[in-house]
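Student: Submitted below is the structure of interest, expressed as structure tokens.
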Amino acid sequence: MPVITNIDDLKRIYRRRVPRMFYDYCESGSWTEQTFRANTSDFSEILLRQRVAIDMAGRSTASQMIGQDVSMPVALAPVGLTGMQSADGEIKAARAAEKFGVPYTLSTMSICSIEDVAENTSKPFWLQVYTLLDDDYMQRLFDRAKAAKCSAAVITVDLQMLGQRHKDIKNGLSAPPKLTPRSVANMATKARWGLEMLRTKRRSFGNIVGHVKAVKDPRDLSYWTNEAFDQSLDWDRIRQFRKMWDGPLVIKGIIDPRDAREALNVGADAIVVSNHGGRQLDGALSSIRALPQILDAVGDKIEVHLDSGIRSGQDVLKALAMGATGTYIGRAYIYGLGAMGEAGVTRALEVIHKELDVSMAFCGHRDIRKVDRDILMIPKGFSDGWQ
Ligand SMILES: Cc1cc2nc3c(=O)[nH]c(=O)nc-3n(C[C@H](O)[C@H](O)[C@H](O)COP(=O)(O)O)c2cc1C
């Protein structure tokens, strides 16, 4: 067992063990990747204020997200094709999350279906919802989520169409992977991945195939997003979804205070300040820079969560101290999953938990729910002053 002390260690192993097509799919942003890079580099512009000789015994990172108890306010973000990073990847990630006591969010574009994950886990998970044109499909998706006892729906509003990731086009990304001389040569070097993949029956989009009529090419993600996603999505349509789903509702993909107010008016329980991990509008603001203005607009009326760029417990601490009540990790747990399956996701959560706990203590706090902006040193003009 390799010694893993940080998220980068997992990424290095992940890169060796998973076929190039799926590594690239995860480790890319759109176009020039400016926003993808800013998501992580902007976190390091914020400094933490160290305090000393303060009682640090008896600490707690426990909190709540949308009224549900969490061992730390760090959920697993929805990630499409997770079951291509490791066989049955969604089930492995959901199991790691439930054992750790944090929420798991299953993507609409997952490989394992809602029912697969429900049958193989024992605690409710959250379902992320992409909005497709097919109304029947949408109603059935919410019904299936209800039947599977999902404890929240997370509607993603920043992907009516797909931001371009150059490598996905060049690699011919698909699930299952198309067999070309290049992809076969690369997969031949990933023996463990390949053997596990041969043993599972789950190798295509589990929530789509068999659930949507007239699937032309079920393997092709870009076909799906171009043809089947609802480009005309607006807040009235989201209001209709609010009626279809009477459980807790999270709206994900907000980066502007005006959209945060719209989400509030729709009756959401929480919003996720997110630019989709830098995969949609290249040149958009990083999430951590967008957060303060959104908190000013709606922070006292709705739970504000954040994702995009979190690679450490210190990043989580900064987002929480700024005022977010919850965070999500995407790539950080996918690195773990690709590196070591369920154990790797657990390791990613352990790493982030330890960093969060110890850094909180160094800042003079024992209860994660009590950290505030006082522990942060934020450069002037960090999140305002634009023309
Ligand atoms: C490979 C990959 C696939 C993703 N698929 C989805 C998805 O299916 N639905 C969704 O709402 N967000 C999706 N996202 C965005 C994540 O939910 C999350 O917003 C993002 O990963 C956060 O940034 P981080 O990876 O820097 O933590 C995806 C992200 C990645 C990296």
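Under full-length UniProt numbering, read the sequence shown as residues 1 to 387, first letter to last. Yeah, the Cβ is synthetic: ideal placement off N, Cα and C, and Gly gets one too. From a predicted model like this one, the values you see are computed outputs, not experimental measurements.
1. Can you determine whether any heavy atom of ligand 1 sits closer than 7 Å to the C-beta of histidine 211, and answer yes or no?
2. Here's a check: name, in chain order, each residue in its chain whose Cβ is nearer than 6 Å to the Cβ of asparagine 186, leaving out the five neighbours to either side.
3. With DSSP as the reference, please indicate the residues paired to threonine 105 in a beta bridge.
4. Enumerate in chain order the residues of its own chain whose CB-to-CB distance from alanine 263 is below 7 Å, with the five nearest sequence positions on each side excluded.
5. Count the other CB atoms, across all protein chains shown, that sit within 10 Å of the CB of glycine 163; report buried if there are 16 or more and exposed otherwise.
6. For glycine 80, which option in Ser71, Gly309, Ser113 has the closest C-alpha, if you only look at C-alpha atoms?
7. Check the DSSP bridge columns for methionine 252 and list the partner residues they point to.
8. Quick check: what's the CA-CA separation for serine 359 versus glutamine 160?
9. Report the option in Lys318, Met138, Gly341 whose CA atom is closest to the CA atom of arginine 192.
10. Could you give the DSSP three-state label for phenylalanine 362: helix, strand or coil?
11. Checking 8 Å against the spacing of the C-beta atoms, do glycine 309 and aspartate 315 come in under that value?
12. Counting along the chain, where does the alpha helix (DSSP H) carrying leucine 320 start and finish?
13. Taking only heavy atoms of ligand 1 into account, decide whether any of them is closer than 7 Å to the Cβ of proline 248.
14. Using a threshold of 8 Å, state whether the C-beta atoms of residue 399 and tyrosine 14 are closer than that.
15. How would you call threonine 156, buried or exposed, if buried means at least 16 neighbouring beta carbons within 10 angstroms?
16. Quick check on this structure: which residue in Tyr328, Met322, Gly323, Val304 has the alpha carbon closest to the alpha carbon of serine 312?
17. Roughly how many whole angstroms lie between the Cα atoms of tryptophan 126 and glycine 206?
18. Does ligand 1 have even one heavy atom less than 7 Å from the beta-carbon of isoleucine 302?
19. Quickly, what does DSSP pair tyrosine 328 with across the bridge? List them, please.
20. So glutamate 303 is in the beta strand (DSSP E); what residue range does that whole segment cover?
21. My output table needs one value for leucine 85: the three-state DSSP class, helix, strand or coil.
22. Along the chain, where does the alpha helix (DSSP H) that runs through methionine 187 open and close?
23. Would you tell me roughly how many angstroms separate the C-alpha atoms of aspartate 88 and leucine 141, rounded to the nearest one?
24. Expressed to the nearest angstrom, what Euclidean distance is found between the alpha-carbon atoms of alanine 268 and proline 248?
25. Could you check whether aspartate 357 and arginine 59 sit closer than 8 Å to each other, using their CB atoms as the reference points?
26. For the beta strand (DSSP E) containing methionine 65, name the first residue and the last one.
Tutor: Checking against the coordinates, here is how it stands:
1. Because no heavy atom of ligand 1 lies under 7 Å away, the Cβ of histidine 211 does not count as near it: no.
2. Pro19, Arg20, listed in sequence order.
3. According to DSSP, threonine 105 bridges with Trp126.
4. Here alanine 263 has Ile251, Ile254, Ile271 as same chain residues with Cβ atoms under 7 Å from its own Cβ, once five neighbours each way along the sequence are excluded.
5. Taking a 10 Å sphere around the C-beta of glycine 163, we find 16 or more other C-beta atoms and assign the residue as buried.
6. The shortest C-alpha separation from glycine 80 is found at Ser113.
7. Note on identity: in this sequence residue 252 is lysine, with methionine being the wrong assignment. Under DSSP, lysine 252 forms a beta bridge with Thr156, Val272.
8. Spanning the two alpha carbons is a distance of roughly 38 Å.
9. The shortest Cα separation from arginine 192 among Lys318, Met138, Gly341 belongs to Gly341.
10. Here DSSP, grouped into helix, strand and coil, assigns phenylalanine 362 to helix.
11. Yes, these two residues count as a Cβ contact at 8 Å.
12. Taken as a continuous stretch (DSSP letters only), the alpha helix (DSSP H) holding leucine 320 covers 313 to 322.
13. Not a single heavy atom of ligand 1 lies less than 7 Å from the C-beta of proline 248.
14. In the structure as shown, the chain starts at 1 and stops at 387, and residue 399 therefore has no counterpart that could be examined.
15. Threonine 156 should be labelled buried.
16. Residue Tyr328 is the option with its Cα nearest to serine 312.
17. If you take the alpha carbons of tryptophan 126 and glycine 206, they lie about 16 Å apart.
18. Checking every heavy atom of ligand 1 against the Cβ of isoleucine 302, none is found closer than 7 Å.
19. DSSP output for tyrosine 328 lists Ala75 as bridge partner(s).
20. In the DSSP assignment, glutamate 303 falls within the beta strand (DSSP E) that extends over 303 to 306.
21. For clarity, residue 85 is glutamine in the given sequence; the question names leucine instead. Three-state DSSP puts glutamine 85 in a helix.
22. Element bounds for methionine 187: 181 to 187.
23. For aspartate 88 and leucine 141, the distance between alpha carbons rounds to 20 Å.
24. Rounded to whole angstroms, alanine 268 to proline 248 spans 8 Å at the Cα level.
25. Closer than 8 Å, so yes.
26. 63 to 65 is the extent of the beta strand (DSSP E) around methionine 65.
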